[in-house]
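Read the structure below first, then the notes.
In this note's numbering, the protein residues as written are 346 to 601.
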């Protein structure tokens, strides 16, 4: 951009001004404030200071929201996770280094084509001191399924193990309404979801149905119960035990 006035425009405006002719969709995180230890000066060591972070990610393609499916988009929590991971990676001297870490984390998502990152110090000097970078990513590819939480297989009514886990539950009663073919499979999938919701209510755990929700819960270190029907529907498979469900989910997670 050659317009000097645009240098101080909101990050979303600068991202729009530099967008390609295709005008892809953008997702943003604005004015996210964190406290970190950062700085090259000795007086900045051993104390935290506030940073204001804004991120705009341009995504590959357009109209992903038309499907109303959270697994088809770049979710907001992936951007906040990239910021959190960059901050947690360790102390740095430069805002530029932190901005690069954030950009790399966002661009690790295959939907992200380009990312704009602005990081500002709020507690140094008479005004806000900041840096802004723009980085391009590669073409969209398969999304990696990242779960660092143990998978726990249980029959309905059992207690989950302590700590964070994704609980895979199957119904204790196997009798299903008489049906054949796809109708029988749909009924079996509904029974799996019913068992998941019953377990979630009994144990006071959230019930999740999508890949994005599973990744979010794992990233937060929280236990949850998986309602598998939505993810299993297109696979053509119907696992019959909690162990089979856990095996299927683990294999799904290993797909590139």
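Glycine is no exception: its CB is placed at the ideal position from the N, C-alpha and C atoms. The structure displayed is predicted, hence computed values, not measured ones.
Secondary structure of residue 475 (DSSP, three-state): strand. One Cα belongs to residue 582, the other to residue 556, and the distance between them is close to 17 Å. Nearest C-alpha to residue 394 among 459, 457, 481 and 473: 473. In this model, residue 535 and residue 515 are separated by some 11 Å (Cα to Cα). Here the alpha carbons of residue 569 and residue 510 stand approximately 6 Å from one another. Residue pairing for residue 571: DSSP places it in a beta bridge opposite 513 and 553.
Each residue's CA atom was taken as its position, placing residue 414 and residue 441 some 35 Å apart. Taking residue 420 as reference, the option from 439, 400, 444 and 436 with the minimal CA-CA separation is 400.
Beyond the five residues adjoining it in sequence on each side, residue 453 comes within less than 8 Å, by CB distance, of 427 in the same chain, given in chain order. In this structure, the straight-line span from the alpha carbon of residue 478 to that of residue 528 is close to 53 Å. For residue 432, the enclosing alpha helix (DSSP H) starts and ends at 421 to 433. Check the Cα spacing between residue 470 and each of 561, 554, 389 and 552: the tightest is with 389. A distance of 8 Å or more separates the beta carbons of residue 463 and residue 480. Residue 383 and residue 425 have their C-alpha atoms some 19 Å from each other. Between residue 397 and residue 465 a beta carbon distance of about 5 Å is seen, short of the 8 Å cut, so the two are scored as contacting.
Taking 8 Å as the upper bound for CB-CB distance, residue 457 and residue 402 are in contact here, some 5 Å apart. About 11 Å separates the Cβ atoms of residue 553 and residue 542, ruling out a contact at the 8 Å cut-off. Annotation: residue 401 is outside any alpha helix (DSSP H); the continuous beta strand (DSSP E) that includes it extends over 394 to 404. Around residue 404, the same chain offers 369, 370, 371, 372, 418, 419, 456, 457 and 458 as residues with beta carbons nearer than 8 Å, after the five sequence neighbours per side are excluded.
According to the DSSP assignment, residue 371 belongs to the beta strand (DSSP E) that extends over 371 to 381. The three-state secondary structure of residue 458, taken from DSSP, is strand. Taking C-beta atoms as the reference points, residue 422 and residue 561 count as a pair closer than 8 Å.
Per DSSP, the unbroken alpha helix (DSSP H) holding residue 440 starts and ends at 440 to 452. Our two residues, residue 467 and residue 461, have alpha carbons roughly 19 Å apart in a direct line.
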